[in-house]
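Participant: Sending over a structure as structure tokens; questions will come in a sec.
Protein chains: 2
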Amino acid sequence: MTSQAPLLIDVLKEYIEQKNWDEAILLLSRLRAADEADLFSELSNSEKRELLPHLSYEELARILENMKKDDISNISEQVNGNTLSQAVDRISPDQAADILHRLPATRSAEVLARMTEKKAVQPLLGYADDSAGGLMTPELVALTRGMTVDEAISRLRKAKPPRETIDVLYVADKHKKLVGKVTLRQLILAEPTMKIGDIMEHDPVSISAGTEREECVRLMEHYGLTALPVVDEQQRLVGLIRLQEVAQVAEEEATEDMYQMVGLSGHERVFAPMRDSIRRRLPWLCINLGTAILAGFVVNLFESTIARVVTLAAFIPIIAGQGANAGAQTLTIVVRSLALGELSFKNARKAVLREVALATINGLAVALLAGAVVYLWKGDVWLGVVLGVAMFLTMMVAGLSGALVPLILKLFRIDPALASTVVVTTVTDVCGFVFLLGVATLLITYLA
Amino acid sequence: MTSQAPLLIDVLKEYIEQKNWDEAILLLSRLRAADEADLFSELSNSEKRELLPHLSYEELARILENMKKDDISNISEQVNGNTLSQAVDRISPDQAADILHRLPATRSAEVLARMTEKKAVQPLLGYADDSAGGLMTPELVALTRGMTVDEAISRLRKAKPPRETIDVLYVADKHKKLVGKVTLRQLILAEPTMKIGDIMEHDPVSISAGTEREECVRLMEHYGLTALPVVDEQQRLVGLIRLQEVAQVAEEEATEDMYQMVGLSGHERVFAPMRDSIRRRLPWLCINLGTAILAGFVVNLFESTIARVVTLAAFIPIIAGQGANAGAQTLTIVVRSLALGELSFKNARKAVLREVALATINGLAVALLAGAVVYLWKGDVWLGVVLGVAMFLTMMVAGLSGALVPLILKLFRIDPALASTVVVTTVTDVCGFVFLLGVATLLITYLA
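Chains as they are written, first to last, in our numbering: chain A, 1 to 448; chain B, 449 to 896.
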């Protein structure tokens with residue numbers, strides 16, 4: 001399929017150019033939904049605008065449902081409000097809410113007002129996109145303890161749930177409180193006369209609607225769940241989250257962390273429009289320039305020392321390079337462990353002490369090596385001492401700041417990944433140069 | 449649950465100290481399986497060794513099945529071969545194969561030889577741990593087109609599949625070739641007399657057993673699948689992969705990429721034993737020291753220029769810091785896009801050109817800014833010109849190497865993330881210093 005894709009898009013583009021709408025739509029409809037949405041996304045804006053009026057509401061719904069969420073606001077600009085609400089009406093409520101979240105507020109209100117499924121979707125709009133409530137679908141069939149297996153199956157047949165939301169069924173008491181779960185497999189395998197209360201698993205893992213989406217994923221992964229019931233403050237069942245809806249969340253979060261660490265927006269894409277990329281990267285590059293100039297300013301303070309021992313200039317990139325790498329190692333592992341839930345404030349002290357201990361040992365090893373290399377290279381013991389001492393201290397600062405910066409950011413409820421590389425590099429650079437040139441200044445009589 | 453965990457472990461440790469095995473086991477058995485395995489993992493090796501003989505095979509199996517894979521070889525050392533094979537016999541074949549993969553070869557052979565379920569597990573051992581075959585379970589109930597819905601349900605009841613492997617059922621023809629799929633939900637909702645061939649979805653997405661695990665995840669995420677059928681070279685159904693088994697794969701791959709970029713092993717953990725962490729980090733720190741010294745060597749080549757214009761030393765960290773950040777931005781986005789499948793050799797040329805264009809624009813902006821700052825700081829136009837020109841060229845090299853390094857690594861079938869930050873930083877440092885000090889040397893008469 002993938003290797004044919006470049007051909008398919010050319011065929012589709014040609015149909016559109018020829019205004020052969022029937023063939024264009026036939027081609028799209030023959031693809032699997034996810035591939036259809038991808039192919040549609042590859043069209044230019046003007047091609048989309050031309051093709052859209054010829055799609056049925058069902059076809060548009062299928063494309064919207066399967067399209068990358070970033071492309072949705074783009075499409076929504078190409079169709080009128082009525083068409084959009086007709087299409088969104090045909091999409092599962094959780095996805096519909098997702099789509100409405102992506103539209104400008106006035107557009108979203110207009111589309112919602114025209115929808116027949118308004119009542120199912122509206123409550124979901126109250127939840128943040130990145131909360132359990134924003135991920136859940138309210139489409140569920142709740143069972144009761146007193147039902148027999150046979151009655152439960154009849155209830156399912158009557159409800160005819162439109163989507164795969166019944167692989168796991170939840171059991172609620174008369175106050176709608178969640179009390180148990182039964183899988184569809186258990187229902188099929190059980191005797192028809194058995195009571196649900198007797199076959200259900202009690203006290204299933206659940207999550208409250210306001211919880212962050214990372215926590216949903218972590219919980220589902222930890223317990224190996226395919227569905228997670230969502231409850232309100234009164235423990236009443238309000239929806240469920242399906243694993244296939246959140247499987248990508250962990251990946252997206254990891255990507256966001258990687259991007260934020262180097263000062264990229266989480267929304268950056270390798271083929272995003274140039275203007276967007278410049279807008280996203282240039283500000284960070286300018287901030288970084290500021291911190292780099294700060295480091296340069298520190299070096300400049302020691303101009304007279306460097307003037308006397310010019311060789312010190314060659315040590316500047318050695319200190320900077322090594323501090324940056326050691327800091328990046330610690331930083332990356334701390335940011336990632338925070339994201340994966342392996343590290344929290346509870347065990348933060350232990351982690352920081354461990355990183356400092358590691359920095360001490362690795363720092364000693366690297367410092368000795370660096371000092372020895374310089375001695376062999378320059379034949380001057382004191383130059384080796386200066387680099388070695390500065391290297392050791394720099395690696396300690398790198399370990400300490402690499403561990404502390406993300407923890408401090410988290411303490412202030414800022415994403416621990418946010419530009420943390422820039423901060424840690426600045427701290428190690430500035431401290432490193434003070435160590436290098438400060439020690440050299442102290443030992444200047446032995447060096448010059 | 450989580451907030452109680454530190455208490456629970458203390459209680460468990462106390463039971464073990466008191467040799468109160470009944471209470472210890474009761475405590476473990478009351479927890480959800482994943483929490484039980486976590487709690488057990490928190491015990492010290494000697495505590496594990498003491499408790500293990502008192503666990504039933506079922507309890508040991510439950511712990512092994514839910515434990516982090518890294519901890520398994522540790523446990524396997526604490527129990528004898530017979531106990532281990534009895535426990536592994538009680539685990540689903542795909543998980544059992546996973547566990548056997550983690551054991552030393554002789555131990556694995558010994559355990560396998562004693563197992564009753566040997567026949568189910570052995571074929572799985574032929575597949576690499578990180579392939580579709582290594583992820584799949586062979587436990588499946590295949591249907592045929594000619595069956596009625598009622599017959600299919602009876603077949604399921606007779607097979608009594610022990611685990612959730614029947615939420616999606618696959619249909620095979622008489623040559624065992626995969627021809628369709630039916631969800632359990634469709635079976636329950638359909639008329640009992642309907643034929644499977646009439647309700648099944650034709651031509652379901654499948655994957656061949658040798659495919660890499662990243663590809664399995666990508667496919668399941670792309671098509672929103674909860675189960676993926678695995679076929680052999682003859683398109684015969686040999687197993688299925690469940691989404692809950694692979695949901696963590698994408699996250700693990702992302703973590704590995706982040707770690708490898710800064711020269712950390714993918715197995716590094718924030719609370720790994722110190723010795724392991726030193727063994728994993730120190731070699732990269734030494735390699736990095738080598739590249740940093742290389743950069744220092746380049747600076748040293750221009751010693752006479754720096755001696756005449758000492759201010760140039762202050763520009764070294766500015767060039768290094770800015771080149772590193774610009775390079776890291778491009779590198780991160782290229783590595784991540786390769787991992788997510790958004791970027792491949794097919795569209796690599798476009799991506800490289802785009803990054804170079806971005807580097808040109810951002811480079812010009814940053815160069816002008818840097819030059820202006822230096823002019824205001826030092827009151828010398830020529831110093832501004834030197835830094836500006838060097839900055840622009842460095843940012844171009846950063847963009848180019850950030851895009852090319854991971855692509856070249858991939859071309860040689862090396863993980864594109866592997867130590868790519870170290871390589872890109874070295875390239876930008878070395879080139880950046882040559883630009884800075886080279887331009888300064890050319891313009892020396894205007895500077896000194």
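We treat Cβ as the ideally placed atom computed from N, Cα and C, and that holds for glycine. Source: prediction; values computed, not measured.
Out of B:Gln466, B:Leu712 and B:Gln543, which has the shortest C-alpha to C-alpha gap to threonine 585 of chain B?
Facilitator: The residue given as residue 585 of chain B occupies position 137 in the second sequence. Ranking the options by Cα distance to threonine 585 of chain B, first place goes to B:Gln543.
Participant: Quick check: what's the CA-CA separation for leucine 452 of chain A versus lysine 13 of chain A?
Facilitator: No answer is possible for residue 452 of chain A: the residues shown for chain A start at 1 and end at 448.
Participant: Have a look at asparagine 325 of chain A and valine 694 of chain B and give me their C-alpha separation to the nearest angstrom.
Facilitator: Locating residue 325 of chain A in the first sequence gives position 325, counting from the first residue. Locating residue 694 of chain B in the second sequence gives position 246, counting from the first residue. Roughly 32 angstroms separates the two Cα atoms.
Participant: Pull up the distance between the alpha-carbon of tryptophan 377 of chain A and that of isoleucine 319 of chain A, whole angstroms please.
Facilitator: In the first sequence, residue 377 of chain A corresponds to position 377, counting from 1. In the first sequence, residue 319 of chain A corresponds to position 319, counting from 1. Approximately 16 angstroms, taken between the alpha carbons.
Participant: Taking its Cβ as the centre, do 16 or more other Cβ atoms sit within 10 Å of alanine 351 of chain A, making it buried, or is it exposed?
Facilitator: Within the first sequence, the letter at position 351 stands for residue 351 of chain A. Burial call: buried.
Participant: Tell me which residue opens and which closes the beta strand (DSSP E) that tyrosine 170 of chain A is part of.
Facilitator: Walking along the first sequence from the start, residue 170 of chain A turns up at place 170. Here the beta strand (DSSP E) through tyrosine 170 of chain A covers 168 to 172.
Participant: My assumption, with CB atoms under 8 angstroms, is that leucine 240 of chain A sits in contact with isoleucine 196 of chain A. Please give the rounded CB distance.
Facilitator: Within the first sequence, residue 240 of chain A is the residue found at index 240, counting from 1. Within the first sequence, residue 196 of chain A is the residue found at index 196, counting from 1. About 17 angstroms; that fails the 8 angstroms criterion.
Participant: Please check the pair valine 878 of chain B and asparagine 736 of chain B, which I expect to be a contact at CB under 8 angstroms, by giving their CB distance rounded to whole angstroms.
Facilitator: If you number the second sequence from 1, residue 878 of chain B lands on position 430. If you number the second sequence from 1, residue 736 of chain B lands on position 288. The Cβ separation is near 14 angstroms, so there is no contact.
Participant: Looking at the structure shown, is serine 56 of chain A part of a helix, part of a strand, or coil, going by DSSP?
Facilitator: As a first step, residue 56 of chain A is located in the first sequence; it is residue number 56 there, counting from the start. The answer is coil: DSSP assigns serine 56 of chain A none of H, G, I, E or B.
Participant: Under three-state DSSP, which class holds glutamate 342 of chain A?
Facilitator: For the purposes of this step, residue 342 of chain A is taken as residue 342 along the first sequence, with counting starting at 1. Reduced to three states, the DSSP call for glutamate 342 of chain A is coil.
Participant: Fully enclosed by the segment 486 to 560 of chain B, which alpha helix (DSSP H) runs are 4 residues long or longer?
Facilitator: DSSP runs (the alpha helix (DSSP H)) wholly in the segment 486 to 560 of chain B: 493 to 499, 505 to 514, 520 to 524, 529 to 536 and 541 to 550.
Participant: Which stretch, first to last residue, makes up the beta strand (DSSP E) that contains leucine 240 of chain A?
Facilitator: Here residue 240 of chain A refers to the residue found at position 240 when the first sequence is read from its first residue. Counting along the chain, the beta strand (DSSP E) containing leucine 240 of chain A begins and ends at 237 to 242.
Participant: From alanine 846 of chain B to leucine 801 of chain B, what distance separates their C-alpha atoms?
Facilitator: Here residue 846 of chain B corresponds to residue number 398 of the second sequence, with the count starting at 1. Here residue 801 of chain B corresponds to residue number 353 of the second sequence, with the count starting at 1. In a straight line, the C-alpha of alanine 846 of chain B is about 13 angstroms away from that of leucine 801 of chain B.
Participant: Could you give the C-beta distance for methionine 274 of chain A and leucine 617 of chain B, rounded to a whole number, given that I count them as a contact under 8 angstroms?
Facilitator: Working through the first sequence from its first residue, we reach residue 274 of chain A at position 274. Working through the second sequence from its first residue, we reach residue 617 of chain B at position 169. Going by Cβ atoms, the distance from methionine 274 of chain A to leucine 617 of chain B rounds to 49 angstroms, so no, they are not a contact pair.
Participant: Quickly, what does DSSP pair threonine 876 of chain B with across the bridge? List them, please.
Facilitator: Taking the second sequence and counting its residues from 1, the one referred to as residue 876 of chain B is at position 428. In the DSSP output, where bridge partners are listed per residue, threonine 876 of chain B has none listed.
Participant: Residues bridged to histidine 202 of chain A by DSSP?
Facilitator: Translated into positions along the first sequence, residue 202 of chain A becomes position 202. According to DSSP, which records beta bridges pairwise, histidine 202 of chain A is partnered with A:Gly180.
Participant: So, at 7 angstroms on beta carbons, what are the nonlocal neighbours of serine 265 of chain A in its own chain, with the 5 sequence-adjacent residues on each side left out?
Facilitator: If you number the first sequence from 1, residue 265 of chain A lands on position 265. Result list for serine 265 of chain A: Tyr259 and Arg280, in chain order.
Participant: Where do the ends of the beta strand (DSSP E) carrying leucine 676 of chain B lie?
Facilitator: Within the second sequence, residue 676 of chain B is the residue found at index 228, counting from 1. Unbroken beta strand (DSSP E) run through leucine 676 of chain B: 675 to 679.
Participant: Please report the distance separating the alpha-carbon of threonine 211 of chain A from that of methionine 709 of chain B.
Facilitator: Along the first sequence, one-based indexing puts residue 211 of chain A at 211. Along the second sequence, one-based indexing puts residue 709 of chain B at 261. Taking the straight line joining both Cα atoms gives about 32 angstroms.
Participant: If valine 619 of chain B sits next to arginine 593 of chain B, beta carbons under 8 angstroms apart, how far is it from one beta carbon to the other, in whole angstroms?
Facilitator: To locate residue 619 of chain B, count along the second sequence from 1; it is residue 171. To locate residue 593 of chain B, count along the second sequence from 1; it is residue 145. Indeed they touch by this definition, with Cβ atoms about 6 angstroms apart.
Participant: Taking the continuous alpha helix (DSSP H) assigned at lysine 158 of chain A, which residues delimit it?
Facilitator: As a first step, residue 158 of chain A is located in the first sequence; it is residue number 158 there, counting from the start. Its alpha helix (DSSP H) spans residues 149 to 159.
Participant: Going by DSSP in three states, isoleucine 862 of chain B sits in which element: helix, strand or coil?
Facilitator: Looking up residue 862 of chain B in the second sequence gives position 414. Looking at isoleucine 862 of chain B - three-state DSSP - the assignment turns out to be coil, as it is neither helix nor strand.
Participant: Which residues in chain B have a C-beta closer than 7 angstroms to the C-beta of proline 229 of chain A? List them in chain order.
Facilitator: Looking up residue 229 of chain A in the first sequence gives position 229. Per Cβ cutoff of 7 angstroms: no residues; proline 229 of chain A is ~15 angstroms from chain B at best.
Participant: Could you tell me which of A:Leu8, A:Ala370, A:Ala314 and A:Asp71 sits nearest to leucine 885 of chain B, measuring between CA atoms?
Facilitator: Taking the first residue of the second sequence as position 1, residue 885 of chain B is located at position 437. Leucine 885 of chain B has its Cα closest to that of A:Ala314, out of A:Leu8, A:Ala370, A:Ala314 and A:Asp71.
Participant: At least one CB of chain A closer than 8 angstroms to the CB of arginine 605 of chain B: is that the case?
Facilitator: Indexing the second sequence from 1 puts residue 605 of chain B at position 157. Answer yes: the Cβ-Cβ gap between arginine 605 of chain B and chain A drops below 8 angstroms somewhere.
Participant: Which same chain residues end up closer than 7 angstroms to glutamate 700 of chain B when comparing Cβ atoms and leaving out the 5 residues on each side of it in sequence?
Facilitator: Here the question's residue 700 of chain B lines up with position 252 in the second sequence. Cβ neighbours of glutamate 700 of chain B beyond the five flanking positions: none.
Participant: Using a Cβ cut-off of 8 angstroms (strictly closer), state whether glycine 529 of chain B contacts chain A.
Facilitator: Counted from its first residue, the second sequence places residue 529 of chain B at position 81. So, not an interface residue.
Participant: How would you call asparagine 810 of chain B, buried or exposed, if buried means at least 16 neighbouring beta carbons within 10 angstroms?
Facilitator: Taking the first residue of the second sequence as position 1, residue 810 of chain B is located at position 362. Per the 10 Å Cβ criterion, buried.
Participant: Less than 8 angstroms separating the beta-carbons of alanine 139 of chain A and serine 206 of chain A?
Facilitator: Here residue 139 of chain A is taken as the residue at index 139 of the first sequence, counted from 1. Here residue 206 of chain A is taken as the residue at index 206 of the first sequence, counted from 1. Checking the displayed sequence, the identity of residue 139 of chain A turns out to be glutamate instead of alanine. No; because the gap between Cβ atoms is not below 8 angstroms, this pair is not in contact.
Participant: Using DSSP bridges, identify the partner residues of alanine 702 of chain B.
Facilitator: As a first step, residue 702 of chain B must be located in the second sequence, where it is residue number 254. Note: alanine 702 of chain B sits in no beta bridge, so no partner.
Participant: Out of A:Ser154, A:Leu187 and A:Lys176, state which residue places its alpha-carbon closest to the alpha-carbon of aspartate 167 of chain A.
Facilitator: Along the first sequence, read from residue 1 onward, the residue named residue 167 of chain A stands at position 167. Closest by alpha carbon: A:Leu187.
Participant: Starting from the Cα of valine 679 of chain B, find the closest Cα among B:Leu491, B:Asp651, B:Leu779 and B:Ala698 and give me that residue.
Facilitator: To locate residue 679 of chain B, count along the second sequence from 1; it is residue 231. Checked all of B:Leu491, B:Asp651, B:Leu779 and B:Ala698; the closest Cα to valine 679 of chain B is B:Asp651.
Participant: From phenylalanine 435 of chain A to arginine 717 of chain B, what distance separates their C-alpha atoms?
Facilitator: Residue 435 of chain A sits at position 435 when you count from the first residue of the first sequence. Residue 717 of chain B sits at position 269 when you count from the first residue of the second sequence. If I take the Cα positions, the gap works out to 30 angstroms.
Participant: Could you compute how far the alpha carbon of leucine 760 of chain B sits from the alpha carbon of lysine 410 of chain A?
Facilitator: To locate residue 760 of chain B, count along the second sequence from 1; it is residue 312. To locate residue 410 of chain A, count along the first sequence from 1; it is residue 410. Taking the straight line from one Cα to the other gives about 38 angstroms.
Participant: Using three-state DSSP, classify alanine 590 of chain B as helix, strand or coil.
Facilitator: If you number the second sequence from 1, residue 590 of chain B lands on position 142. Three-state DSSP puts alanine 590 of chain B in a strand.
Participant: Going by DSSP in three states, threonine 421 of chain A sits in which element: helix, strand or coil?
Facilitator: Along the first sequence, read from residue 1 onward, the residue named residue 421 of chain A stands at position 421. Here threonine 421 of chain A sits in helix by DSSP.
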